[in-house]
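All remarks here apply to the structure that follows.
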Amino acid sequence: MVNIKEFWVKLWGFASRDVTLLDPAAGTLTFVIQAIKQVKEELEGRRKGGLVRSYLEEHVVRDFHAFELLVAPYVIGHFRVAMLLEELGYEFKDEKRFKFFLTNTLELKEPEQRVLPLTNLIKEAEEAKEVKEKIPIRVVLGNPPYSVSSENKSDFIEKLMEDYKEDVRKERNIQPLSDDYIKFIRFAHWKLDRAGKGILGFITNNSYLSGVIHRGMRNKLLESFDRIYILNLHGSSRIGEKTPEGGKDENVFDIQQGVAIALYVKLEKPLDEKKKQVYYADLWGLRSEKYKNLFENDVESTDWQELEPKEPYYFFVPTDFALPGGI
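Final position of the sequence shown in the working numbering is 955; the numbers increase by one with none missing.
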C-alpha cells in the first residue's frame, strides 16, 4: 500500500511553505503521514535536516489538514500523527493539535445531533467548516470511498454535482455520477478552483475514465486543469481483466473494481486550450509487480502516452474508434 502513496507523494515539494494540503477522506492518516515523512526527507536532501522541527511547527501543523467521518479511524489517525511528530522532535503545546477533523467532507453544515452534545465537537465543526470554505488548499490527495448508492446528498454537494450532470440530464440512468468517489473528486475540483492553482491526486474507481455517462465530468476537468496524468492500474475482477498478453491481472486493493491514480495539475496562469495536456499509462500484472513499479517510478520515468480527448465523449483512455466522437 505504501508504494501507491509514494508514487505521487514523492513528486511534490511538500516542504514548500506555500503548500497547503488536504486529505478529505483521510482514514487513519496514511497519506498525510507519508507527506510529513516526505517533508523530512526533502529537508535532509537539501542538507537542512536541522530545520525539521521548525518546519513541523511553522508549516506542517499549520498547513496540513485532513477530514474523516468515522470515529475509530479518526482516533487512530490522531494517535499515529502524534507519535510521528514526537519521533521527529515536535510536541504539541497548550491546546495545539493536528488539523485532523471529524466531519463529513461533503457537507458544509454538520447535522445538529452530531455537534450539540459536546462543546469541543462544536468547535471542531466550526474549524472544519473554515477549512472547507475559507482556507485555500493547493494539494488535495487521498483514496476517497466508492459507493454508487451514496447517502451523501447535502444541498452543498448536490449543487456542485450539477456541473458534472448538466450535459447528461436526458440520459436514461445517471446514477453512476452520484458515486461517492465522484463527489469527492468534485469537492477537490471545487477547492482547487477556489485556490486558483494546485494539484489533485486521487486513487479511485477507474470507471469514470471511459464511461459514456461521465463525459460531462471529464469535460469539466479538462476545462479546469492544465495537465492531467492518468495511471490506470486496472485489476477489475468484475469484467475479468487480463494483461494484453492474456496473463493474470490483479488489483492493488482487495476489491473487485479496477482503479486508477489520477493527477490533475492546475497552473496559476492557465494554458490555452490547445496547449493543455492529458497523459495516460497502463499498469498490468500481478499485485506485487504493480507495487514494485510504483515504488521504482514517478511521473518523469513513467512511459506516458499523450491523449487528445475530443467531444462529445472526452475519453481519458486511448480510443481507436472508426466513427467520430469515439463510438
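Ideal Cβ positions, reconstructed from N, Cα and C, are used throughout, including at glycine. Treat the numbers as computed from the prediction; the structure is a model and nothing was measured.
| With D854 and V893 assumed to form a contact (beta carbons below 8 Å), what rounded beta-carbon distance in angstroms separates them? | Sure, about 6 Å apart at Cβ, within 8 Å.
| Can you tell me whether L899 is buried or exposed, with buried defined as 16 or more other CB within 10 angstroms of its CB? | By the neighbour-count criterion, in which 16 or more other beta carbons inside 10 Å mark a residue as buried, L899 falls on the exposed side.
| task | Tell me whether the beta-carbon of I765 lies closer than 9 Å to the beta-carbon of T648. | result | Yes; because the gap between Cβ atoms is below 9 Å, this pair is in contact.
| request: Note down the Cα distance separating K721 from K668, rounded to an integer number of angstroms. | output: Using only the alpha carbons, I get a separation of about 21 Å.
| task | Buried or exposed for R846, please, with buried defined as at least 16 other CB atoms from any protein chain shown within 10 angstroms of its CB. | result | The residue is buried, with at least 16 neighbouring Cβ atoms inside 10 Å.
| request: Let me know if Q666 comes out buried or exposed under the rule of 16 or more other beta-carbons within 10 Å of its beta-carbon. | output: It counts as buried.
| So F695 and A654 are in contact, right, with Cβ under 8 Å, and what is the actual spacing, rounded? | Going by Cβ atoms, the distance from F695 to A654 rounds to 6 Å, so yes, they are a contact pair.
| request: With K727 as the anchor, note down where its beta strand (DSSP E) starts and where it stops. | output: Per DSSP, the continuous beta strand (DSSP E) segment holding K727 begins and ends at K727 to L730.
| field | Assigned exposure category for E735 - 16 Cβ within 10 Å defines buried | value | E735 should be labelled buried.
| request: Decide yes or no for the touch test of the segment 715–731 against the segment 797–811: beta carbon pairs closer than 8 Å, at least 3 of them. | output: At 8 Å Cβ cutoff, the stretches do not touch.
| request: Please confirm if P946 has its CB atom under 9 Å from at least one CB of chain C. | output: The displayed structure is made up of one protein chain only, and chain C is not part of it.
| request: Figure out for me which residue from G717, E873 and H862 has the closest Cα to the Cα of F881. | output: Nearest C-alpha to F881: H862.
| request: Report the residue ranges of all alpha helix (DSSP H) runs contained in full by the segment 639–679; include only those spanning at least 4 residues, in chain order. | output: Counting only runs that start and end inside the segment 639–679, the alpha helix (DSSP H) elements of at least 4 residues fall at 658–673.
| Which residues does DSSP pair with N801 in a beta bridge? | Beta-bridge pairing links N801 to no other residue.
| query | Between E670 and R681, what straight-line distance do the alpha-carbon atoms span, to the nearest angstrom? | reply | Between the C-alpha atoms of E670 and R681 there is a straight-line separation of about 13 Å.
| said: Please classify V703 as buried or exposed, where buried requires at least 16 neighbouring CB atoms within 10 angstroms. | reply: By the 10 Å Cβ count, V703 comes out exposed.
| Between which two residues does the alpha helix (DSSP H) carrying H706 extend? | That run of the alpha helix (DSSP H) goes V699 to E715.
| Shortest alpha-carbon distance to K902 belongs to which of N834, S864 and L850? | The shortest C-alpha separation from K902 is found at L850.
| message | Taking the straight line between their C-alpha atoms, what separation do you get for I796 and E790? | response | Correcting the residue type first, residue 796 is Val in the shown sequence and not Ile. Using only the alpha carbons, I get a separation of about 10 Å.
| said: Rounded to the nearest angstrom, what separates G826 and V887 at their Cα positions? | reply: When the Cα atoms are used, G826 and V887 turn out to be separated by approximately 23 Å.
| request: Ignoring anything shorter than 3 residues or poking outside the segment 783–845, list the beta strand (DSSP E) runs there in chain order. | output: If one requires a minimum length of 3 residues, the beta strand (DSSP E) runs lying completely within the segment 783–845 are 826–833, in chain order.
| So, helix, strand or coil for K721, using DSSP? | In the structure shown, the three-state DSSP call for K721 is coil.
| By Cβ distance, which residues of its chain are closer than 6 Å to T930, with the 5 residues on each side in sequence left out? | Setting aside the 5 residues that flank it on each side, T930 is surrounded in the same chain by A909, each with a C-beta closer than 6 Å to its C-beta; the list follows chain order.
| request: Report the residue ranges of all beta strand (DSSP E) runs contained in full by the segment 901–928; include only those spanning at least 3 residues, in chain order. | output: Here the runs fully enclosed are 905–910.
| request: Check V768 in the structure and name its three-state DSSP category. | output: Here V768 sits in strand by DSSP.
| Helix, strand or coil at L861 according to DSSP, with G and I counted as helix | DSSP places L861 in the strand class (E or B) of the three-state scheme.
| message | Based on DSSP bridge pairs, tell me the residues matched to Y892. | response | According to DSSP, Y892 shares a beta bridge with L828 and I856.
| field | Range of the contiguous beta strand (DSSP E) that encloses E686 | value | Counting along the chain, E686 falls outside any beta strand (DSSP E), and DSSP gives it neither H nor E.
| field | Exposure label - I831; buried when at least 16 CB within 10 Å | value | The residue in question, I831, is buried, as its Cβ has 16 or more Cβ neighbours within 10 Å.
| Run through DSSP, which three-state label would L736 get? | Correct three-state label for L736: coil.
| Unbroken beta strand (DSSP E) run spanning E934, endpoints | DSSP places E934 inside the beta strand (DSSP E), whose first and last residues are Q933 to L935.
| Opposite F943 in the DSSP bridges: which residues? | DSSP, once it has assigned bridges, lists no residue as partnering F943.
| field | Beta-carbon proximity list for K876, same chain, < 8 Å, skipping 5 on both sides | value | For K876, where only same-chain residues beyond five positions count, the Cβ hits under 8 Å are K870, G913 and L914.
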